[in-house]
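Here's the structure we're looking at; comments come further down.
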Amino acid sequence: MLKISHFTKSYDGKNKACNDVSLDIEQGEIYGFIGHNGAGKTTLLKAIAGIHDFDAGEILVDGHSIRTEPLAAKRAMAYLPDNPDVYETLTGAQYLNFVADIFGISPADRRKKIEAHAGMFEIAGVLNDPIATYSHGMKQKLVIISALIHDPKVFVLDEPFVGLDPKAAFQLKELFRDLCAKGALVFFSTHILEVAEKLCTKIAIIKQGRIVASGPTAEITRDGSLESIFLELIER
Amino acid sequence: MSQFATLARTLFRVNFSPKRILGSSYSDSKLKRILVGFALLYVLVAYMGGIGFLFYDLARTLASADLVAVLLMYMYLYAFGTAVMLVFFRADAALFRLADFDILGPLPIKPRTLVAAKALVLMTNVYVMTLFVTAPIAFSYFAFAPTSVAGALLFLPTFLAVPLLPAVLAALFSFSVRLLTERLPKSRMINTVLMFAVFIGLMVSSFSFSAAGENPLLNQQGFIAGLGEMFPPMGWFAAAVHEGDVLSALFLVLSGVAVFAAFVLVLSRKILKTNARAKNERWSARRKTVDYRGTTAFRTLLGKEWRTFVGVPMYIFNAGFGPVILLVAAVASLFFADKVLALFTDLAEGAELPTPFLVLGFVGFCVGMVYTSAVSLSIEGKKLWIVKSLPVAPPTVMDAKLAFNVLLGSLPAAVALPLFAIGFGIPFLDAAAMLCAVFGFSLLTSAVGSIVNLRFPKFSFHNEVEVVKQSLAALIGVFGGFGVIAAEGFALYGLSRIMPWQAGLLVLGIVSAAAAYGVRLRVIRLAENLFIKLGA
């Protein structure tokens, strides 16, 4: 459902932020993407979301190329950035309605989803407040709710747990499992190796723009912990 | 002192790098560099050619009456006014609601050091703008004044001292407004209304000196000379530069520096506390039920443009000033038709034109000041990821921005023109023809603005003021609009020689709309190619 083939991207034309990255992620998988700072995680995630152009390779989202059929690919996908910069002059409800309007979600459907998720993340009471008054965590929750509004098949998330309180982080993990059980896939980057080890069915480790390990979590970690494997791989 | 120097150096690097000033990608190609150079040259020539000529003419008149020193009082007053306006509108973002307070606040920097460094950055902006505004006056003065080495030497230090006092006064006023309104839920709207009130008040009072048919600056002379006698710093400036009076120069420099230093020393702690309070601002909406009504993607994009526009005071003040004064003048024309017509004549620099042409020029001028399409893409800033990651085509995003600009310019014109028709007794069919031309003009300037913003985006900024007032796209957007007015004015003159002027307006409107459509097609192609490359 998310197929990345020979993805290559350079910002300056000399150094490659991502070099020949290939990953194949199937529905029902929670796929963790791990790497040190500047390894190329965000570059790949932004390219999947259609935010960045790339030099070579192909990205297919639900069978649609992000390059040649970007609108179809984006309709099947939800993206969550590493920093929830959203329109601060809007209220939370206005932002969610904005996203719902773009996806063409009916008022009844959006109401059902927004009420359910805003209640779960405990921000229902502030939806009529301007986003400018939200904390980082509240903005993060708002963007997560906006990502869930159209029942996407592919979730692409950049450091989704940063800024969330423990309860919200737990709920997000449960949500990932629930979505995958319903046939979606979750592809997310994280620095929290314990979360990746316990939550992900598969893991990819990127180092200096290249995938150095990928596959089922159990196969990657073998007898050791993900932390020791990760440190061994990046220091090699 | 070393802490101040380090902080000031860093803030200068952050605020005045070419990338910050001109945008993210101006140096990508030779064509862009040429366009940037051309735009700056155009602005310089347009300003110096217009205002510069008036002051040169005034200097010649004053010199013949041995009153050339009065020109220095003009210079003082224009520098004073520029500093007041600039600081009044920017002090909130530059001092009292710092975007980087989260970074600077926790650092072990003394409040006075931090406030002084921030004030220095603000004052640098003031000096650059003041220099630009007063350069024609200085040039005209030195062209006609008797040569004086002492005066020339004292010019720089006294010129640098002039904006200090008005800057402090404006900052204090802005600070008072901030303190009075910060606990109110609609404080930003109150600030915006106050800005409009102050600016329109200043504008009306400056025009009240003018009269039609002569150099409008000449009528300010009596008032300015009188003010110079009552307000010592003005007289000190004139005496220092014209007579080379060192004592006057010392009075001016020391009084300015003392007031400025007192502001920093006395208020720095209070200013930082205000910044800390601004970071803790929380208020809850009274309405608890959420509205889930839906609309089309295009209309929701249009709604977002509107909310961004009204949510940023400097945005609404700068790009919305034209429609506001247009509506104010239109309503005023119903009651004070003669005075409004005299104002339009002043704006046309005394040209004796038929009333419909004066009205048309004013409406065009106001609509030309609407330049949201030239900056609204930049204003997305770090939030550009939203529209880039959503399933909405780049041309739809750009069309919404373009349509918003057209609505913001055309709707007030559609309201104002019938009011002008009533106020000035213009036949309604003539007013309809004028509206047709204005609508075409609005379409064209909006489309041109879209191209400008796609070519010269500026996504790196701390505050929207940097995009709305300081970006290259904003500069080209505003002056480009005035360029189109001039071109259409010449075209109308030509057309009115071969057909009735009303028919000429219709032709002009249709041609402008057709040209706008062509430019929009180019915008769409550019958006499709450039959107994914735009880095925010």
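Protein sequence lines correspond, in order, to chains A and B.
Final position of the first sequence in the numbering used here is 236; the numbers increase by one with none missing.
Final position of the second sequence in the numbering used here is 772; the numbers increase by one with none missing.
Just so it is clear, CB atoms sit at the ideal spot from N, CA and C, and this is done for glycine as well.
Keep in mind it's a predicted model, so treat the numbers as computed, not measured.
Reduced DSSP category for residue 425 of chain B - H, G, I as helix; E, B as strand; rest coil:
Reduced to three states, the DSSP call for residue 425 of chain B is helix.
Determine, using beta carbons only, whether residue 204 of chain A and residue 211 of chain A come nearer to each other than 8 Å.
Yes, they are a contact pair.
Does chain B have any CB closer than 8 Å to the CB of residue 202 of chain A?
No, residue 202 of chain A does not count as interfacial toward chain B.
May I ask you to list, following chain order, the residues of the region 594-621 of chain B that have a beta carbon less than 7 Å from some beta carbon of chain A?
Cβ contacts with chain A: 618, 619 and 621.
Pairs of beta-carbons, one from the region 64-81 of chain A and one from the region 125-132 of chain A, closer than 8 Å: are there three or more?
No, the region 64-81 of chain A does not touch the region 125-132 of chain A.
So for residue 161 of chain A, helix, strand or coil by DSSP?
DSSP places residue 161 of chain A in coil when its eight states are reduced to three.
I want to verify the contact list: residues of chain B whose CB lies under 9 Å from the CB of residue 106 of chain A, in sequence order.
Within 9 Å Cβ-Cβ: 530.
Proximal residues to residue 427 of chain B (C-beta, below 6 Å), its chain only, five neighbours per side dropped
Setting aside the 5 residues that flank it on each side, residue 427 of chain B is surrounded in the same chain by 549, each with a C-beta closer than 6 Å to its C-beta; the list follows chain order.
Going by C-alpha to C-alpha distance, which of B:303, B:633, B:398 and B:526 sits closest to residue 541 of chain B?
Each of B:303, B:633, B:398 and B:526 was checked against the Cα of residue 541 of chain B, and the nearest Cα belongs to B:633.
Do you know offhand how far residue 27 of chain A's Cα is from residue 546 of chain B's?
A straight line joining the alpha-carbon of residue 27 of chain A with that of residue 546 of chain B spans about 43 Å.
Give a yes or no on contact between the region 389-407 of chain B and the region 492-507 of chain B, applying the rule of three or more CB pairs nearer than 8 Å.
These segments touch.
Output yes if chain A places a C-beta closer than 8 Å to the C-beta of residue 759 of chain B; else output no.
Interface with chain A (8 Å Cβ-Cβ cutoff): residue 759 of chain B is excluded.
C-beta atoms of residue 719 of chain B and residue 688 of chain B nearer than 8 Å:
For residue 719 of chain B and residue 688 of chain B, no; Cβs fall outside 8 Å.
Give a yes or no on contact between the region 346-358 of chain B and the region 427-437 of chain B, applying the rule of three or more CB pairs nearer than 8 Å.
Taking a cut-off of 8 Å for Cβ pairs, the region 346-358 of chain B and the region 427-437 of chain B do not touch, as fewer than three such pairs fall below it.
Check this for me: beta carbons of residue 391 of chain B and residue 624 of chain B, under 8 Å apart or not?
The answer is no: Cβ separation not under 8 Å.
Would you please state the rounded distance, in angstroms, between the beta carbons of residue 195 of chain A and residue 157 of chain A? I believe it to be under 8 Å.
Not really, about 12 Å apart at Cβ, beyond 8 Å.
For residue 18 of chain A, which beta-bridge partners are listed by DSSP?
DSSP lists A:9 as the bridge partner or partners of residue 18 of chain A.
What number of angstroms, rounded off, separates the C-alpha of residue 270 of chain B from the C-alpha of residue 360 of chain B?
Spanning the two alpha carbons is a distance of roughly 27 Å.
In chain order, which continuous runs of the beta strand (DSSP E) of length 3 or greater are located wholly inside the region 374-431 of chain B?
Counting only runs of 3 or more, we get nothing.
For residue 370 of chain B, count neighbouring C-beta atoms within 10 Å of its own C-beta (all shown protein chains included) and say buried if the count is 16 or more, exposed if not.
When all chains shown are included, residue 370 of chain B counts as buried.
Reference residue 362 of chain B; option with closest CA among B:341, B:338 and B:324
If we check each option's Cα against that of residue 362 of chain B, B:324 comes out closest.
What do you reckon, are the CB atoms on residue 605 of chain B and residue 676 of chain B nearer than 8 Å?
No; because the gap between Cβ atoms is not below 8 Å, this pair is not in contact.
Can you give the Cα-Cα distance for residue 375 of chain B and residue 85 of chain A, rounded to whole angstroms?
Rounded to the nearest whole angstrom, the C-alpha separation of residue 375 of chain B and residue 85 of chain A is 47 Å.
Does residue 236 of chain A come out as helix, strand or coil in the three-state DSSP assignment?
In the structure shown, the three-state DSSP call for residue 236 of chain A is coil.
Any chance you could list the beta strand (DSSP E) runs of at least 3 consecutive residues sitting entirely within the region 134-199 of chain A, in chain order?
Entirely contained in the region 134-199 of chain A, the beta strand (DSSP E) runs reaching 3 residues are, in chain order, 154-158 and 185-189.
Quick one: list the residues of chain A neighbouring residue 548 of chain B, beta-carbon separation under 9 Å, in chain order.
Result: 89.
Pair every Cβ in the region 568-583 of chain B with every Cβ in the region 696-709 of chain B, then say whether three or more of these pairs are closer than 8 Å.
Using a C-beta cut-off of 8 Å, the region 568-583 of chain B makes no contact with the region 696-709 of chain B, since fewer than three inter-stretch Cβ pairs fall below that distance.
What are the boundary residues of the beta strand (DSSP E) that residue 202 of chain A is part of?
It spans 202-207 - the beta strand (DSSP E) in which residue 202 of chain A sits, taken as one unbroken run.
At the level of alpha carbons, what is the spacing between residue 448 of chain B and residue 457 of chain B?
For residue 448 of chain B, the pLDDT reaches just 47, beneath the cut-off of 50, and the residue's location in the model is therefore unreliable, although a value from the coordinates is still provided. Answer to the nearest angstrom: the Cα atoms are 15 Å apart.
What in chain B is Cβ-close to residue 98 of chain A, meaning under 7 Å?
By Cβ distance, chain B contributes 536 and 540.
Would you say residue 128 of chain A faces chain B, with C-beta separation under 8 Å as the test?
Taking Cβ atoms only, chain B reaches closer than 8 Å to residue 128 of chain A, which makes this a yes.
Going by C-alpha distance, which of B:380, B:440, B:253 and B:576 is nearest residue 292 of chain B?
The shortest CA-to-CA distance from residue 292 of chain B to any of B:380, B:440, B:253 and B:576 is the one to B:380.
Note the first and the last residue of the continuous beta strand (DSSP E) segment covering residue 59 of chain A.
Annotation for residue 59 of chain A: the continuous beta strand (DSSP E) segment containing it runs 56-61.
Which chain A residues are close to residue 624 of chain B, counting only those with a beta carbon under 8 Å from its beta carbon?
Within chain A, the residues 49, 50 and 51 have their CB atoms less than 8 Å from the CB of residue 624 of chain B, given in chain order.
Exposed or buried, which one is residue 4 of chain A when buried takes at least 16 other CB atoms within 10 Å?
Counting the other Cβ atoms within 10 Å of the Cβ of residue 4 of chain A gives 16 or more, which makes it buried.
On the DSSP letters alone, give me the boundaries of the beta strand (DSSP E) that residue 686 of chain B sits inside.
Annotation: residue 686 of chain B is outside any beta strand (DSSP E); the continuous alpha helix (DSSP H) that includes it extends over 664-691.
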